[in-house]
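Report on the structure given below.
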Amino acid sequence: MVTILRARGDRSIRSFIDYERGTISRELYVHPDIFEQEMEQIFQRCWLFLGHESQIPNPGDFIVSRMGTEEVIVVRDRKDKQIRAFLNSCRHRGMKVCRYDQGNNLVFTCPFHAWTYDTAGKLVGVGYGNHPEAYGDTRPGDQWGLAQVAQFKNFHGSLWATWDPKAPSFEDYLGPFTASLRHCLQSSDGEDGGLEMFTPFQRHRLPTNWKVPGFTSVTDGTHAAMTHRSAAAAGLHEDRGQGKAKPGTPFPREMYAIGDHNLGHGGQCTFYNQPGVPDYTDEWFEPGVDDYFRETAGRKAQLYANRVLAPHGWGGGHFAIFPCVMVDSWRIRWYHPHETGMVERWTLCGVDKNAPKHVKNAVRHYVQRYNGPTGFFESDDMENWNYVYPASRGVRARKLDYFFANGLGHGKYDDRLPGVVVNGAYTEEAQRARFSRWLAFMEAKSWDDLYPVNTSKNHRIW
Ligand code: FES
Ligand SMILES: [Fe+2]
297 MVTILRARGD RSIRSFIDYE RGTISRELYV HPDIFEQEME QIFQRCWLFL GHESQIPNPG
357 DFIVSRMGTE EVIVVRDRKD KQIRAFLNSC RHRGMKVCRY DQGNNLVFTC PFHAWTYDTA
417 GKLVGVGYGN HPEAYGDTRP GDQWGLAQVA QFKNFHGSLW ATWDPKAPSF EDYLGPFTAS
477 LRHCLQSSDG EDGGLEMFTP FQRHRLPTNW KVPGFTSVTD GTHAAMTHRS AAAAGLHEDR
537 GQGKAKPGTP FPREMYAIGD HNLGHGGQCT FYNQPGVPDY TDEWFEPGVD DYFRETAGRK
597 AQLYANRVLA PHGWGGGHFA IFPCVMVDSW RIRWYHPHET GMVERWTLCG VDKNAPKHVK
657 NAVRHYVQRY NGPTGFFESD DMENWNYVYP ASRGVRARKL DYFFANGLGH GKYDDRLPGV
717 VVNGAYTEEA QRARFSRWLA FMEAKSWDDL YPVNTSKNHR IW
């Protein structure tokens, strides 16, 4: 199927990507028609990340999250304790039903005319409901509950949803990245679902197109030395403490940039080449924290005595789940588009839910130094992303292409992750894979055209 960009000379979307040269037209980042089509064909269809179950442990607990440009209420029902997600838009005449970011509710009452929904989304009352001169026999019934997502998944504590009933199961959507995501949601001793998240969501509003950070920040290995130069100079790089980390016994591993051109996921990746886990190295300056993590690492080593760590495990690089969820061993960061030139970046950072208080405090402080409003690394990145958009969208600038050819043609399939292309650690393989899947979504009429994917090794686009 060909889609036409009306204001730019009737071109197909495919024609804006040059596979031979490895370039992508800036129009795909700045044209409002493209943005509208992305919201319809990507964000209405894909599995999107909503939050973490530890944010809503009790009946009636809720968070307000987003799916693309729209808000959703994620709530644990008071009766059956199940978590569900609903569009935050009153079925009467569209008012935002819940205006809080998080909390605990008996019911959700719309501030406009008092239509009232229970924590399972059911309409249980309306203003003037019993007034004979109001609704009478036209009083709305069960079909006027809040609009619920088509599919919902609690994957080891992480909460995901899609508006599309035809989307494949969440595990099929993840494909070969399933084990990596599961590992990143484990506590440091290797127990499934062992994390809790620091709340609330950390949010940054960025005046740029969602794909600038969403498609290019993982993996963007060549940006770090320049962009994060000042933070590195201040000693705030990967060390949690103050440079105490000592190299342990070398553990056999290989690092790459990888891209799944069929499913769109990819990023940095470490393959581990023998069972077990690398030696724990002390890295915290707060007293007692290394003692805790050394002990949990020991338990994890027993668990993995005869097992090989999942790719990306043990801090082995961050990866993206299509369209724009970035996962690594200590945080999930993801993007909510608002309009062509505006996106919100949300972050959740986790800690072992069973850790003692002094450990949780130390991890929280590290997160704040690194990631938060007072942190260094995120503001470094955002400064660049924010200037990209205005410098790319002018009538002259948008006629140029972006360069995505770093490592083009040098990727190879690797049976450790079936269907995934493995390339040099500083290449742009992951970004190209995201655009391969992006194009498939933008051309597809429905999920029938998108899944199952063609895993033939001859099928690769780039
Ligand atoms: S818009 Fe919600 S009750 Fe009218
Ligand atoms: Fe960065």
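Counted the way our numbering counts, the sequence shown spans residues 297 to 758.
Every residue gets a Cβ at the ideal spot worked out from N, C-alpha and C, and that includes glycine.
If you compare the alpha carbons of Lys653, Tyr709 and Leu470 with that of Arg756, the shortest gap goes to Tyr709. Ligand 2 never approaches His614 closely enough for any of its heavy atoms to be under 7 Å from the residue's Cβ. Within the same chain, Cβ atoms closer than 7 Å to the Cβ of Arg380 are found at Val371, Asp373, Ala416, Gly417, Gln444 and Phe448, the five residues on either side in sequence being excluded.
Residue pairing by DSSP puts Trp456 in a beta bridge opposite Phe345 and Lys449.
Residue selection by CB proximity (closer than 5 Å to any heavy atom of ligand 1) returns Cys386, His388, Arg389, Met391, Cys406, Phe408, His409 and Trp411 in chain order.
Shortest gap from the CB of Thr523 to any heavy atom of ligand 2: under 7 Å. Residue side-chain check: Phe673 places its Cβ nearer than 7 Å to a non-hydrogen atom of ligand 2.
For the 8 Å CB-CB criterion, Trp743 and Tyr315 do not form a contact. His519 has its Cβ nearer than 7 Å to a heavy atom of ligand 2. Cα atoms of His519 and Asn680: separation of roughly 10 Å, rounded to the nearest angstrom. For ligand 2, a non-hydrogen atom lies closer than 7 Å to the CB of Asp677. Inclusion of His409 and Gly421 in the CB contact set at 8 Å is not warranted, their separation being larger than that value.
Looking from the CA of Ile369, the closest CA among Asp357, Asp676, His706 and Lys377 belongs to Asp357.
By the beta-carbon neighbour count (other beta carbons within 10 angstroms, threshold 16), Pro714 is exposed. Thr643 and Leu559 have their C-alpha atoms some 23 Å from each other. Ala553 sits in a strand when the DSSP states are folded into three classes. The beta carbons of Ile320 and Ile313 sit closer together than 8 Å. The alpha-carbon of Glu550 is positioned some 53 Å away from that of Arg387. Residue nearest to Arg733 within the set His348, Ala527, Pro571 and Ile617 is Ile617 (criterion: CA-CA distance). Val573 places its beta carbon 8 Å or farther from that of Ala553.
When DSSP states are grouped into helix, strand and coil, Phe331 belongs to the helix group. Membership of Trp642 in the beta strand (DSSP E) is indicated by the continuous run Met638 to Asp648. One thing to note: Asn505 has its Cβ no nearer than 8 Å to the Cβ of Val647. Rounded to whole angstroms, the Cβ separation of Asp397 and His452 is 24 Å, and the two are not in contact under 8 Å. Taking C-alpha positions only, Val639 is separated from Gln439 by approximately 33 Å. Pairing Lys741 with Ser675, the inter-Cα distance amounts to about 39 Å. Residue pairing by DSSP places Phe404 opposite Tyr413 in a beta bridge.
8 Å or more divides the Cβ of Pro571 from the Cβ of Ala606.
Counting the other Cβ atoms within 10 Å of the Cβ of Gly637 gives 16 or more, which makes it buried. Under the three-state reduction of DSSP output, Lys507 falls in the helix class. When Cβ pairs closer than 8 Å are counted between the two stretches, the region 583-599 is seen to touch the region 646-663, the count reaching three or more. Straight across, the Cα-Cα distance linking Cys406 with Glu367 is about 15 Å. DSSP places Thr670 outside both helix and strand once states are collapsed to three, so it counts as coil.
The shortest C-alpha to C-alpha distance from Arg627 to any of Glu334, Gly318, His348 and Arg322 is the one to His348. Put simply, the backbone Cα of Arg641 is about 31 Å away from that of Thr412.
C-alpha of Gly671 to C-alpha of Val623: approximately 19 Å in a straight line.
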